[in-house]
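Enquirer: Attaching a single structure in structure tokens format; questions to follow.
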Amino acid sequence: MAFLHKLSKASSLAGASLIRRLSNVPENTVYGGPKPQTPNQRVTLNQLRQKYKKGEPITMVTAYDYPSAVHLDTAGIDICLVGDSASMVVHGHDTTLPITLDEMLVHCRAVARGAKRPLLVGDLPFGTYETSTSQALCTIPSVSRDALRLSAESSSIRENNDPLRVPQRLLWKDGAFLDYEQAVDTAVRILKEGGMDAIKLEGGSPSRITAAKAIVEAGIAVIGHVGLTPQAISVLGGFRPQGKNVASAVKVVETAMALQEAGCFSVVLECVPAPVAAAATSALQIPTIGIGAGPFCSGQ
Numbered sequence: 000m001a002f003l004h005k006l007s008k009a010s011s012l013a014g015a016s017l018i019r020r021l022s023n024v025p026e027n028t029v030y031g032g033p034k035p036q037t038p039n040q041r042v043t044l045n046q047l048r049q050k051y052k053k054g055e056p057i058t059m060v061t062a063y064d065y066p067s068a069v070h071l072d073t074a075g076i077d078i079c080l081v082g083d084s085a086s087m088v089v090h091g092h093d094t095t096l097p098i099t100l101d102e103m104l105v106h107c108r109a110v111a112r113g114a115k116r117p118l119l120v121g122d123l124p125f126g127t128y129e130t131s132t133s134q135a136l137c138t139i140p141s142v143s144r145d146a147l148r149l150s151a152e153s154s155s156i157r158e159n160n161d162p163l164r165v166p167q168r169l170l171w172k173d174g175a176f177l178d179y180e181q182a183v184d185t186a187v188r189i190l191k192e193g194g195m196d197a198i199k200l201e202g203g204s205p206s207r208i209t210a211a212k213a214i215v216e217a218g219i220a221v222i223g224h225v226g227l228t229p230q231a232i233s234v235l236g237g238f239r240p241q242g243k244n245v246a247s248a249v250k251v252v253e254t255a256m257a258l259q260e261a262g263c264f265s266v267v268l269e270c271v272p273a274p275v276a277a278a279a280t281s282a283l284q285i286p287t288i289g290i291g292a293g294p295f296c297s298g299q
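When you line the sequence shown up against numbering that gives the first Met the number 0, it's residues 0 to 299, in that order.
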């Protein structure tokens, strides 16, 4: 009996020791355990600029949910993109077009809870920043469109009480009025409701360049996106590489430069030949992030 009592006591002590050892093993952070130690300060635009100037590669990874964001945070990634590609990857659509702003905000909030270190960037979904000229002008009651155009072209817009005064949200550019109010409103929601630090928009048409400039002037950081722009697949004829001929290559570089001029702090180059990406990277004074664009970009 004494022997059994000693054995039982030894087993209890061994079990207690095992429990103590196990209690020191961190749980998986995805399931509510202790979070990894991360810097108090999130990656900033200034830090990204310093890496760019030093020639250090910049890393950007896409995440759509909290678990992915936690793993990405632990890996020390510089930029976390909440992409509208969630439309395809998460929701099962064939393109990025169907996802709504409200759906994007759900993904943004989840990622913001998990990723504490990287700069957080949210995509502006299709249909939330490209109000057409006709739509913009239709919101102006009892005013002659021709008179507005003449007023804008002649730079003779009068004081605030003049009925021909163009509303502040309209910008006259390249022979048309562009409405950037929707773009700014969407970007504000991505930051305020989604918890993002910056936004990304696709394309380089005059309206997109104007939208980018307006968002930057509203105090919001912007990443541009050229080359294969999934929101424009109906125009591009599908998911096809861009910049494969001289005219297309020149357009990629010129569009990237226009986005830089609009105030973008970085430009994504997607599915363009490596020499074209190298030319764009060389021409720009801001970082380029490559997606299937070869090894010569500022980051991947």
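Ideal Cβ placement from N, Cα and C applies to all residues, glycine included. No experiment lies behind these values; they were computed from the predicted model shown.
Where does the unbroken alpha helix (DSSP H) through L258 begin, and where does it stop?
Expert: Here residue 258 refers to the residue found at position 259 of the sequence shown. Run containing L258: 245–261, per the alpha helix (DSSP H) assignment.
Enquirer: Relative to the C-alpha of A186, which candidate in I198, G194, Y179 has its C-alpha closest?
Expert: Here residue 186 is taken as the residue at index 187 of the sequence shown, counted from 1. The shortest Cα separation from A186 among I198, G194, Y179 belongs to I198.
Enquirer: Run through the stretch 65–122 for me and flag every whole alpha helix (DSSP H) of 4 or more residues, listed as ranges in chain order.
Expert: Entirely contained in the stretch 65–122, the alpha helix (DSSP H) runs reaching 4 residues are, in chain order, 65–73, 85–88, 100–113.
Enquirer: Applying the 10 Å Cβ sphere with the 16-neighbour rule, what's the burial state of A281?
Expert: By 1-based counting over the sequence shown, the position of residue 281 is 282. Note that residue 281 corresponds to Ser in the displayed sequence, not to Ala. By the neighbour-count rule (16 or more Cβ atoms within 10 Å), S281 is not buried but exposed.
Enquirer: Quick one, are the C-beta atoms of G293 and A279 less than 8 Å apart?
Expert: Translated into the one-based positions of the sequence shown, residue 293 becomes position 294. Translated into the one-based positions of the sequence shown, residue 279 becomes position 280. The answer is no: Cβ separation not under 8 Å.
Enquirer: Just reading off the beta strand (DSSP E) that T61 is part of, what are its end residues?
Expert: Counting from one through the sequence shown, the residue named residue 61 turns up at place 62. Note, T61: beta strand (DSSP E), 59–61.
Enquirer: Mind checking E201: buried by the 16 CB within 10 Å criterion, or exposed?
Expert: Translated into positions along the sequence shown, residue 201 becomes position 202. Buried, because 16 or more other Cβ atoms sit within 10 Å of the Cβ of E201.
Enquirer: Under a three-way DSSP split, which group does S281 fall into?
Expert: One-based indexing of the sequence shown puts residue 281 at position 282. Helix at S281.
Enquirer: What residues in its chain sit with their C-beta under 8 Å from that of T43, if we drop five residues either side in the sequence?
Expert: As a position in the sequence shown, residue 43 is number 44, starting the count at 1. Same-chain partners within the cutoff: L118.
Enquirer: What does a CB cutoff of less than 7 Å around C296 pick up in its chain, not counting 5 residues either side in sequence?
Expert: Counting from one through the sequence shown, the residue named residue 296 turns up at place 297. Excluding positions up to five away in sequence, the list reads L268, A276, T280, T287, I288, G289.
Enquirer: Assuming the contact rule is C-beta atoms closer than 8 Å, M103 and G121 should be a hit. Round their C-beta distance to whole Å, please.
Expert: What you label residue 103 is simply residue 104 of the sequence shown in a count that begins at 1. What you label residue 121 is simply residue 122 of the sequence shown in a count that begins at 1. 7 Å between Cβ atoms; contact.
Enquirer: Where does V42 fall in DSSP's three states?
Expert: Looking up residue 42 in the sequence shown gives position 43. In the structure shown, V42 sits in coil (DSSP, three-state: anything other than H, G, I, E or B).
Enquirer: Cα separation between E253 and I214?
Expert: Mapped onto the sequence shown, residue 253 falls at position 254. Mapped onto the sequence shown, residue 214 falls at position 215. Those two C-alpha atoms are separated by around 20 Å.
Enquirer: Would you call I83 buried or exposed, if buried means 16 or more other Cβ atoms sit within 10 Å of its Cβ?
Expert: Residue mapping note: residue 83 aligns to position 84 of the sequence shown, counting from 1. Note on identity: in this sequence residue 83 is Asp, with Ile being the wrong assignment. Buried is the call here.
Enquirer: Where does L268 sit, in a helix, a strand or coil, going by DSSP?
Expert: Residue 268 sits at position 269 when you count from the first residue of the sequence shown. Of the three classes helix, strand and coil, the one that applies to L268 here is strand, per DSSP.
Enquirer: Following the continuous beta strand (DSSP E) through A220, name the residue where it begins and the one where it ends.
Expert: Translated into the one-based positions of the sequence shown, residue 220 becomes position 221. Unbroken beta strand (DSSP E) run through A220: 220–226.
Enquirer: I need the straight-line Cα distance from R116 to D196, nearest angstrom please.
Expert: Sequence index remark: in the sequence shown, residue 116 carries index 117 (1-based). Sequence index remark: in the sequence shown, residue 196 carries index 197 (1-based). One C-alpha to the other measures close to 11 Å.
Enquirer: Could you pull out every residue in the same chain whose Cβ sits closer than 6 Å to the Cβ of L123, ignoring the five residues on either side in sequence?
Expert: The residue labelled residue 123 in the question sits at position 124 within the sequence shown. Cβ within range, chain order: T185, I198, L200.
Enquirer: Quick one: does the C-beta of Y65 sit closer than 7 Å to a heavy atom of the ligand GTP?
Expert: With respect to the ligand GTP, the structure shown offers nothing to examine, as it has no ligands at all.
Enquirer: Can the beta-carbon of A114 be found less than 8 Å from the beta-carbon of D64?
Expert: Mapped onto the sequence shown, residue 114 falls at position 115. Mapped onto the sequence shown, residue 64 falls at position 65. Not in contact: A114 and D64 (Cβ atoms no closer than 8 Å).
Enquirer: Can you grab the Cα-Cα spacing for the pair A68 / A74, in whole Å?
Expert: Position 69 of the sequence shown holds residue 68. Position 75 of the sequence shown holds residue 74. Approximately 10 Å between the Cα atoms of the pair.
Enquirer: Do the CB positions of A261 and I219 come within less than 8 Å of each other?
Expert: Taking the first residue of the sequence shown as 1, we reach residue 261 at position 262. Taking the first residue of the sequence shown as 1, we reach residue 219 at position 220. In this structure, I219 does not lie closer than 8 Å to A261 by Cβ.
Enquirer: Assuming I76 and T61 are in contact, meaning their beta carbons sit under 8 Å apart, how far apart are those beta carbons, in whole angstroms?
Expert: Within the sequence shown, numbered from 1, the residue matching residue 76 stands at position 77. Within the sequence shown, numbered from 1, the residue matching residue 61 stands at position 62. About 10 Å; that fails the 8 Å criterion.
Enquirer: Can you find the residues in the same chain that come closer than 8 Å, C-beta to C-beta, to L47, ignoring five residues on each side of it along the sequence?
Expert: Numbered from 1 along the sequence shown, position 48 holds the residue referred to as residue 47. Only I57, D77, I78, L118, F264, S265, P286 meet the Cβ criterion.
Enquirer: Nearest to P274 by CA position, among A248, Q40, V110, is which residue?
Expert: As a first step, residue 274 must be located in the sequence shown, where it is residue number 275. For the residues A248, Q40, V110, the minimum Cα distance to P274 belongs to A248.
Enquirer: What does K199 pair with, by DSSP beta-bridge criteria?
Expert: In the sequence shown, residue 199 corresponds to position 200, counting from 1. For K199, which the question treats as bridged, DSSP gives the partners D122, I222.
Enquirer: On the DSSP bridge assignment, give the partners of T209 in chain order.
Expert: Walking along the sequence shown from the start, residue 209 turns up at place 210. Looking at the DSSP assignment, T209 forms no beta bridge with any residue, so it has no partner.
Enquirer: For T127, which of helix, strand or coil comes out of DSSP?
Expert: Sequence index remark: in the sequence shown, residue 127 carries index 128 (1-based). Three-state result, T127: coil.
Enquirer: Drop a sphere of 10 angstroms on the beta-carbon of K52, count the other beta-carbons inside from all chains shown, and report buried for 16 or more, exposed for fewer.
Expert: The residue given as residue 52 occupies position 53 in the sequence shown. When all chains shown are included, K52 counts as exposed.
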